[in-house]
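Beneath this line is the structure, given in structure tokens, with notes to follow.
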Amino acid sequence: MDENRLGGDAGDPGRPIDELCDLIVARHHAYLHRALPLIRAELARMADAEGPPAGTVAGTRDAFELLAQSVQAHLAKEENLLFPALEALAEADREGRARPALAFPTVLHPIRVMEAEHARIEAALDRLQGMTHAFTASDGASERWRHCLADLSRLDADLREHHRTENEVLFPRALELERRLP
Ligand SMILES: [Fe+2]
Ligand SMILES: [Fe+2]
Numbered sequence: 007m008d009e010n011r012l013g014g015d016a017g018d019p020g021r022p023i024d025e026l027c028d029l030i031v032a033r034h035h036a037y038l039h040r041a042l043p044l045i046r047a048e049l050a051r052m053a054d055a056e057g058p059p060a061g062t063v064a065g066t067r068d069a070f071e072l073l074a075q076s077v078q079a080h081l082a083k084e085e086n087l088l089f090p091a092l093e094a095l096a097e098a099d100r101e102g103r104a105r106p107a108l109a110f111p112t113v114l115h116p117i118r119v120m121e122a123e124h125a126r127i128e129a130a131l132d133r134l135q136g137m138t139h140a141f142t143a144s145d146g147a148s149e150r151w152r153h154c155l156a157d158l159s160r161l162d163a164d165l166r167e168h169h170r171t172e173n174e175v176l177f178p179r180a181l182e183l184e185r186r187l188p
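Residue numbers for the sequence shown follow the numbering used here, so the first one is 7 and each next one is one higher.
Below, the structure written as structure tokens:
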């Protein structure tokens, strides 16, 4: 997926919701699929390196692993179940057809499940922030640890923006579209 082709503001109210799904996958899901394995490998290397107190690395690694597993399971549900259903609604709307048959009676339930998972993932981010003093390196921290903290900080910011786009733009627009289709 070429993000540049999609470009622009995710909040654009004129953007069809299937394009918005593509934009979220290209901008946020692709980033997570790349970044999570890289951060996992960096933290594994840190565990054997000199640097921050060993307890900090171990705690950060555990908090990251819980977060990464929740995120990976969540992305699979969106990419394989929810987003294809939203794309089918958008296509029916474009072609003037009635609401298509979907795997669920309404998209409301899976959307509520995704919102609850976002809240759990953000609680895991809060724990990660707590473990790392909000991703701040102490004086004398190694370059490698600073690099890990910068990557975790970027992950935190990207995930929160990703959730905001889904919770505040994509999901309300999908529910509105489902209500509007005959
Ligand atoms: Fe997502
Ligand atoms: Fe999500």
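We treat Cβ as the ideally placed atom computed from N, Cα and C, and that holds for glycine.
Report task. Count the C-beta pairs between the segment 173 to 184 and the segment 108 to 123 that are closer than 8 Å, then say yes if the count reaches three, no if not. Result -> Contact annotation: the segment 173 to 184 touches the segment 108 to 123, with at least three C-beta pairs closer than 8 Å.
Query raised in the report: Roughly how many whole angstroms lie between the Cα atoms of Leu158 and Ile45?
Result: Straight-line Cα distance between these residues: approximately 8 Å.
Query raised in the report: Could you give the distance in angstroms between the alpha-carbon of Leu131 and the alpha-carbon of Gly102?
Result: Computed Cα separation, rounded: 42 Å.
Query raised in the report: Exposed or buried, what is Thr142 when buried is set at 16 or more other beta-carbons lying within 10 Å of its beta-carbon?
Result: Flag for Thr142 reads exposed.
Report task. Output the boundary residues of the alpha helix (DSSP H) element that contains Gly136. Result -> The continuous alpha helix (DSSP H) containing Gly136 extends over residues Leu114 to Met137.
Query raised in the report: What separation, rounded to the nearest whole angstrom, lies between the Cα atoms of His124 and His169?
Result: C-alpha separation (whole angstroms): 6 Å.
Requested in this report: Give a yes or no on contact between the segment 21 to 31 and the segment 145 to 161, applying the rule of three or more CB pairs nearer than 8 Å.
Outcome: By the criterion of at least three beta-carbon pairs nearer than 8 Å, the segment 21 to 31 is not in contact with the segment 145 to 161.
Query raised in the report: How about Glu93: is its Cβ closer than 8 Å to a heavy atom in ligand 2?
Result: Incorrect: Glu93 has no Cβ contact closer than 8 Å to ligand 2.
Query raised in the report: Helix or strand or just coil, what does DSSP make of Thr142?
Result: Note: Thr142 maps to coil in three-state DSSP.
Query raised in the report: Alpha carbon to alpha carbon, what distance is there between Ala94 and Ala140?
Result: Approximately 41 Å, taken between the alpha carbons.
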